[in-house]
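Single-structure report; data block below.
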Amino acid sequence: MGIRFNEVTHQYSSFSKISASAIYKISLEIQDTGEFIALVGHTGSGKTTLAKHMNALIFPTEGEVEIFGKKITSKRNKKISYNSIRQKVGLVFQFPEYQLFEETVLKDVMFGPLNFHIEKEKAEKLAKDALRLVGLDESYYNRNPYNLSGGEKKRASIAGILAMDPQILVLDEPTSGLDPHGKKVLMELFLSIHKQTNKSIIVITHDMDLLYQYFKRTIVMNDGEKIFDGSPEDLFRDHALVEKYLDYPHSIKVMKHLNQVHGLDMDIYKKSVDEITDEIKKAVKS
């Protein structure tokens, strides 16, 4: 088991009302390998607060988070190495500028391993391996991180976490601000890392198209509470929940519209372009 939340509540104020809780009585489990999870919900729903608990960046007000066997409660435990937890669960912030501060890309990515007292030669190898994994070759090593494009900054910040070889990777809205092509490239990168390493990856996102196309599991937050935990297919079949709290992917919207306008009975849950095209052809012929 990687991470287990047991009735976890977190409040940023001293009030005891539910409305003051960023997250409220959350219970869930995340395996240390094989998970590919989308964490979704409107702004202010508690997604980022939940993510910060996953590597003990903040502590619960109530309840317990167990991370690789270490039990995290409201009281700091001097026997627990919180740095070792943060090495096992890497958190990539939404804005890469928060994690880029060295004068070169290579030095920046080496910072994490060096901070965990890994010798320089090994830290450099880990950094280069991580940069290669995110698609940044040696031509980037000596570049200033702040001169990179937005997408390149995101890749460099992800490499900085990967260089520490976490078992679980948590990314806070990594595709925000990117065009559709940039989003696809980044998601394909995450999927490639997941397949190559079998690391569990959790991605906070607002993008229903990406959620439906890529993820195995979806956790939906609303007003600090978990309201759904299951497959994307099951999520989008729950019409009441989706229409109240989220939105449909464009593919489902189009198929629903065609069914309604033309009186068809197509399977609206086809994902790929080829599957959708075949479904439309079949409906037209019949």
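Numbering (the UniProt record's numbering), first residue to last: 1 to 286. Glycine included, each C-beta is placed from N, C-alpha and C at the ideal position.
Taking the CA atoms as reference points, Gly63 sits about 22 Å from Ile168. Sequence-distant partners of Gln213 (beyond 5 residues in either direction) whose C-beta falls short of 8 Å from its own C-beta, in its chain, are Met187, Pro249 and Lys271. For Tyr212, the enclosing alpha helix (DSSP H) begins and ends at Met208 to Tyr214. Beta-bridge pairing by DSSP links Met164 to no other residue. Looking at the DSSP output, Glu66 shares a beta bridge with Arg4 and Lys71. Around Asp229, the same chain offers Leu28 and Ile219 as residues with beta carbons nearer than 7 Å, after the five sequence neighbours per side are excluded. Here Leu114 has Lys120 and Ala123 as same chain residues with Cβ atoms under 8 Å from its own Cβ, once five neighbours each way along the sequence are excluded.
Exclusion of the five residues before and after Asp209 leaves Pro249 and His250 as the residues of its chain whose Cβ lies within less than 7 Å of its Cβ.
Asp32 sits away from Met54, with the two beta carbons spaced by 8 Å or more. Val220 sits in a strand when the DSSP states are folded into three classes. Around the C-beta of Phe101, fewer than 16 other C-beta atoms lie within 10 Å, and the residue is accordingly described as exposed. In terms of CA proximity to Phe93, Val170 leads the group Ile3, Arg4, Val170 and Leu126. Secondary structure note for Phe190: its alpha helix (DSSP H) is the uninterrupted segment Pro180 to Thr197. For His239, the number of other beta carbons within 10 angstroms of its own is below 16, and it is reported as exposed.
Within the stretch 74-154, the complete beta strand (DSSP E) segments at least 3 residues long are 89-92, listed from N- to C-terminus. The three-state secondary structure of Ala159, taken from DSSP, is helix. Less than 8 Å separates the beta-carbon of Tyr269 from that of Ile252. Counting only runs of 3 or more residues that sit fully inside the stretch 222-259, the beta strand (DSSP E) segments are 225-230, in chain order.
Counting along the chain, the unbroken beta strand (DSSP E) around Glu29 starts and ends at Ser21 to Ile30. Ranked by Cα distance from Lys226, the options Arg237, Gly41 and Arg4 are led by Gly41.
In the DSSP assignment, Leu169 is bridged to Gly90 and Ile201. Going by DSSP, Ala38 is part of no alpha helix (DSSP H) but of the beta strand (DSSP E) stretching over Phe36 to Val40. Residue state for Thr48 is assigned as helix, using DSSP reduced to three classes. Around the beta carbon of Lys78, fewer than 16 other beta carbons sit within 10 angstroms, so the residue counts as exposed.
Per DSSP, reduced to three states, the secondary structure at Thr175 is coil, with no helix or strand assignment. Residue pairing by DSSP places His10 opposite Ile23 in a beta bridge.
Under the three-state reduction of DSSP, Thr277 is assigned to helix. Exclusion of the five residues before and after Lys216 leaves Phe36 as the residues of its chain whose Cβ lies within less than 6 Å of its Cβ.
Within the DSSP secondary-structure output, Thr33 pairs in a beta bridge with Lys199.
Taking a contact as a CB-CB distance under 8 Å, the pair Met221 and Lys47 counts as one, their CB atoms being some 5 Å apart. Leu91 and Thr49 have their C-alpha atoms spaced approximately 12 Å apart.
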